[in-house]
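Written out below as structure tokens is the structure these notes cover.
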Amino acid sequence: MTFDVDVVLRDRDHAVTERIHQTGEPREWTDTDVAAVLREILLAIDRARNPAATDRYVALRGFSWIVEPTAAGVVIAIEIPSGAAVAGPFDIEQPALDRMISRVLAAGSPRTVVH
31 MTFDVDVVLR DRDHAVTERI HQTGEPREWT DTDVAAVLRE ILLAIDRARN PAATDRYVAL
91 RGFSWIVEPT AAGVVIAIEI PSGAAVAGPF DIEQPALDRM ISRVLAAGSP RTVVH
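Quick note: the sequence shown uses the working numbering, first residue 31, plus one each step.
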């Protein structure tokens, strides 16, 4: 499937749109697929901010997110200190995508171990 990511950086007054290709249909996504989509959204923000960079790394933490319904499906909105992005629409139920994103982010969180 293909989806658009609209990125607005904090220091700019216009959006940049990037088209992303993702395997599988949203209703068939696994947590691994959702993690890949989130990474692609964050990478789109980084590409808009640093177009000449060749070495990119993103972590699935430190950002705010929400899944919002639209007439065409749901969108994922992400905000980080340098800007924001809206991706979609995706043909999947909002609660299902909410749960998957929550699981993906919880799995990537550092664990506190007390000895």
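All C-beta atoms in this analysis are idealised placements derived from N, C-alpha and C, irrespective of residue type, glycine included.
Predicted, not measured: the structure shown is a model, and the values here were computed from it.
CA-to-CA distance, residue j to residue i, given in whole angstroms
i	j	result
Leu68	Asp41	23 angstroms
Asp16	Leu90	Absent from the model: residue 16. The displayed extent of the chain is 31 to 145, so no value can be given.
Val64	Ile131	7 angstroms
Pro56	Phe33	11 angstroms
Ala83	Pro111	19 angstroms
Thr53	Gln124	20 angstroms
Ala66	Ala45	22 angstroms
Arg133	Ile71	17 angstroms
Cβ neighbours of residue i in the same chain (closer than 6 angstroms, five flanking residues each side left out)
i	result
Ser94	Glu109
Val105	Glu98, Val116, Gly118, Pro119
Ala102	Pro119
Identity of the residue in the options nearest residue i by Cα
i	options	result
Asp36	Trp59, His51, Gly54, Ile75	Ile75
Ala115	Val97, Arg86, Gly103, Gly138	Val97
Arg129	Arg49, Glu70, Met31, Thr62	Thr62
Glu58	Glu70, Glu48, Asp121	Asp121
Leu127	Val46, Arg49, Thr60, Val38	Thr60
Outcome for residue i when other beta-carbon atoms lying within 10 angstroms are tallied against a minimum of 16
i	result
Ala78	buried
Ala137	exposed
Gly92	exposed
Gly113	buried
Cβ neighbours of residue i in the same chain (closer than 7 angstroms, five flanking residues each side left out)
i	result
Leu73	Arg86, Val88
Arg49	Thr32, Asp34
Residue i (DSSP reduced to helix, strand or coil)
i	result
Leu39	strand
Arg49	strand
Thr84	coil
Asp121	coil
Pro56	helix
Same chain, Cβ closer than 8 angstroms to residue i, neighbours up to 5 away in sequence not counted
i	result
Thr100	Gly118, Pro119
His51	Met31, Thr32
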